[in-house]
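Chains A and B are the protein sequences, given in the same order.
Residues 1248 to 1668 in this note's numbering are what the first sequence spells out, letter by letter.
Residues 129 to 423 in this note's numbering are what the second sequence spells out, letter by letter.
In this text, a Cβ means the ideal position worked out from N, Cα and C, and glycines have one as well.
Note that this is a predicted model, so its numbers are computed, not measured.
All remarks here apply to the structure that follows.
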Amino acid sequence: MTIWLVLLALLTAVSVAPPATEAADPVTIEYWHINSPTFGGPAVKELVQVFEAKHPGIKIAEKFQPGVYTGLMQQLQVSLAAKRPPAVAQIGYNLTAYAAGQFPHVLLDKYRQSDPAFFKGIPDNIMALGNLSGGLHGIPFGVSTPVMYYNPDLFQAAGLNPDQPPQTWAELLKMGQTIKDKTGKFAVYLQQPNDEWIDQTLIWGNGGRPLSEDGKRVGWDSPQAIEAMQMWQDMVTKTKIAANLTWEEGLQAFLSGHIAMCLTTIGRQDHMRKNASGFHVRAVPVPRFGSKPLATATGGNVLMIFATDPTQEKAAWEWIKFLLSPEGATIWTRGTGYLPPRAELATDPKYLKPFFDEAPMMRAALQTFPYAKPWVSFPGARGLEITKILIKAREEVLEGKRPAEPILKEASQQANALLPR
Amino acid sequence: MTRRRREWLTAYLYLAPGLALTAVFVYWPLVASTTLSFYDWNLVSPTWSAVGWQNYRELIGNRAFWLALVNTGKAAVAFTALTVMVPLFLAVAVLRVSGRWRDVYRALLFSPTVISMAIACAVWLWMFHPLYGVINSLLRVVGIQGPAWLSSGDSAIWAIIIVTVWKTFGFNFVLYVAGLLAIPAEMYEAARVDGASERQLFRYITIPLLAPTTLFVLLTTFILSPQNLFVPTQILTQGGPNEASNNLGYLVYQLGFEYFRVGYASAAATLIFLLFLGLTALQFYLAESRIHYGR
């Protein structure tokens, strides 16, 4: 008799127990990023793994989009047109104004009330990167600065002291000539992907502005911009100390020891460290223009939510919270070199202190960080075309068939006509 | 219902599935795209604003359009020379090889066609590397300083053309092999008995009897080549430096999916369609009068 009672009790317990909802039907959200296998891809996979273990009800379908931030935007616009956007996507700072102005997305201000703890510890000046025209459109995720990687062996081979790399462009030109004469190798490569991040860094660095303060004129025809771009042209075509290569070619040539210095993002420090063949790569801040203070364009992206369904949006917000949590940010910074939005993690022995102690190249980024300027996003519906006009102008400058001044003046005229009046 | 009428109905009944698919996937997009070319739209915005002929006027004044046109022209000429004539001679040569080697050569020459274009481009990217790529290394052996293939405005379009030729040439080669095998051997035997030389055999038997194949190869190469340029352009140069390797197919993509000016891109697509329609009609007209089909 008792046995029947026990069985009955067990059966009742089973039938009234709540169904395991989370395990039954997980929500899958798409996360679009630009992190190729050589640029933080493994870190994304690790983040997904850790997150899914903690949130069995959510699956992350991470999708790499080629062509850096511009490439991702193209795919995103198409997916929005097809009404099948990803739940979360990385939007480069240079494109945030365009995305916020043209794309339907979720405004994130409401989470300030529901999740105040999340916002604590992210400094206002960083949060401002996602705060445009009165609303919070995205959460700043990666923050990067350009740095100058260099190959100490080539310095040594040229009879230069590898502990004293150039700090100004004048020094770089001089040492570069020595490297070229003594080793026959190129001295420097400035990154040339399908964006104008390093170009904006040169303009800021020489005391110019990529865009006027009122947003009505681009600053690429200013004397500072012309001087900086002419210097780049001269390095390529006159002294021939700089290599004019496509982005993939340039990066590979540096890593295989054919170029002594390479200006690109700190976000690649992990890749640089692991793939420099036959030398121990080092990094320092990018060179200054004479006595002018250091100034660089800030790279990286905000995370924006494009999910249209509340369940998807909720999952997307959980994912974003995890990515910026101390645990998520630690994986991210370690795997890339992006600086964490929560700066205190860098000195926390539980999180990133050991990493910063072991990765001396990160010091170059930390030294640069106080001088970080925005990576200007051109406003208006034609903003993407303006960016492309400036990329084309750079390509023409580096071809060296005409001096920089007329090229930049013509490009600026075209660009100004496309800015909103 | 008369017999004639019934036949007519049956014929269209059989044709209906094909016609329906063509209408939905070819003619409807064609009409939609032409309509769109008179509007300004960014794919996402709910409103289309009518702009009349503005997109066409802007296109005519756009340097990139003319450069793309010239580059596509260069590519078309290069393709005609390299992917129509060279495969013909190779096909003739390979068929003279006997035994197992014939199949080996056939497989070797056809293999680029089956490799994914994106993967092939990644390989070509390294072969074109100006500092240590295999192409410039070989050129150095014979004392030539090769160009910076992908970052020099003078060579970028040729790099794209080389990759595309390499990729498409095997397909035409196979078509020619099939065409050659279809020529009855008795014709050659008869001509030989009459004392014809090898050159005469090629000139008076091979070329005329291959004419239908040649027309097909010419037409498909001519129509497909601007489309085949797209993937290498996207992967190797993105149309750069400074538009130097842009071409009509890539330009439409650039206007539509890089700048998101879908109306403007549609105007370009419509002009390109008309251009190729005219050229194809001309080609048909010229070729039709000189080709002998059948036995």
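Take F1616 of chain A, set aside five residues on each side of it, and the residues of its chain with a beta-carbon closer than 7 Å to its own are T1392 and L1586, in chain order. Nearest to L329 of chain B by C-alpha distance, out of B:L376, B:Y378, B:L343 and B:E314, is B:E314. Contacts between Q1349 of chain A and chain B, judged by CB atoms closer than 9 Å, involve N170, V172, S173 and F388 in chain order. Residue contact with chain A for G281 of chain B: present (Cβ-Cβ distance below 9 Å to some residue of chain A). If you look at M1519 of chain A, you'll find it in the alpha helix (DSSP H) that goes Q1516 to N1522. In the DSSP assignment, E1591 of chain A falls outside any alpha helix (DSSP H) and carries neither an H nor an E. In the assembly as shown, G1423 of chain A is a buried residue. Its beta-carbon has 16 or more other beta-carbons within 10 Å. V270 of chain B counts as exposed, since fewer than 16 other C-beta atoms from the protein chains shown sit within 10 angstroms of its C-beta. If you ignore the 5 residues before and after A393 of chain B, its C-beta comes within less than 7 Å of the C-beta of V380, L383 and G384, all in its own chain and listed in chain order. Distance between A1334 of chain A and P157 of chain B, taken at the CA atoms: about 29 Å. Out of B:L278, B:K202, B:W294 and B:A395, the CA that lies nearest to the CA of D168 of chain B is found in B:A395. Residues of chain A whose Cβ lies closer than 9 Å to the Cβ of F385 of chain B are, in chain order, Q1321, Q1322, Q1324 and V1325. In this structure, I1338 of chain A places its C-beta atom within 9 Å of the C-beta atom of L1319 of chain A. Taking a contact to require three or more Cβ pairs closer than 8 Å, the segment 1630-1650 of chain A and the segment 1532-1552 of chain A do not qualify as touching. Residue-level contact check: F1286 of chain A does not touch chain B, since none of the beta carbons of chain B fall below 9 Å from its beta carbon.
Here the alpha carbons of G1377 of chain A and G1466 of chain A stand approximately 23 Å from one another. In summary, Y413 of chain B is exposed, with fewer than 16 beta-carbon neighbours lying within 10 Å of its beta-carbon over all protein chains present. By the rule that beta-carbons nearer than 9 Å mark a contact, E317 of chain B does not touch chain A. Looking only at A:M1482, A:T1583 and A:G1454, the smallest Cα-Cα distance to G1537 of chain A is reached by A:G1454.
Considering only beta carbons, the part of the segment 1483-1494 of chain A lying closer than 7 Å to chain B consists of N1491, L1492 and T1493, in chain order. Legend: CB atoms of the segment 208-233 of chain B lying less than 7 Å from CB atoms of chain A are not found in any residue. Bridge partners of Q1337 of chain A according to DSSP: A:L1550. Contact between the segment 198-211 of chain B and the segment 279-293 of chain B is present: 3 or more CB-CB pairs across the two stretches fall below 8 Å.
CA-to-CA, the gap between L403 of chain B and F1365 of chain A works out to about 58 Å. Taken through DSSP and simplified to helix, strand or coil, T1285 of chain A comes out as coil.
A1507 of chain A: member of the beta strand (DSSP E) spanning I1506 to T1512, first to last residue.
Contact check for N1522 of chain A and G1389 of chain A: beta-carbon distance about 20 Å, past the 8 Å limit, so the pair fails to qualify.
Runs of alpha helix (DSSP H) with 4 or more residues, each lying fully within the segment 235-274 of chain B, are found at 245-255 and 262-269, listed in chain order. No Cβ of chain A is located within less than 9 Å of the beta carbon of G377 of chain B.
Look at E416 of chain B here: in three-state DSSP terms it is helix. With a threshold of 9 Å between beta carbons, N1441 of chain A makes contact with chain B.
Per DSSP, reduced to three states, the secondary structure at E1309 of chain A is strand. Not flagged as an interface residue toward chain A: L187 of chain B, since no C-beta distance is shorter than 9 Å. Put simply, of A:P1653, A:H1280 and A:Y1278 the residue whose alpha carbon is nearest the alpha carbon of S1469 of chain A is A:P1653.
Any Cβ of chain A closer than 9 Å to the Cβ of P258 of chain B would place that residue at the interface, and such an atom is present.
At least one CB of chain B lies nearer than 9 Å to the CB of H1505 of chain A.
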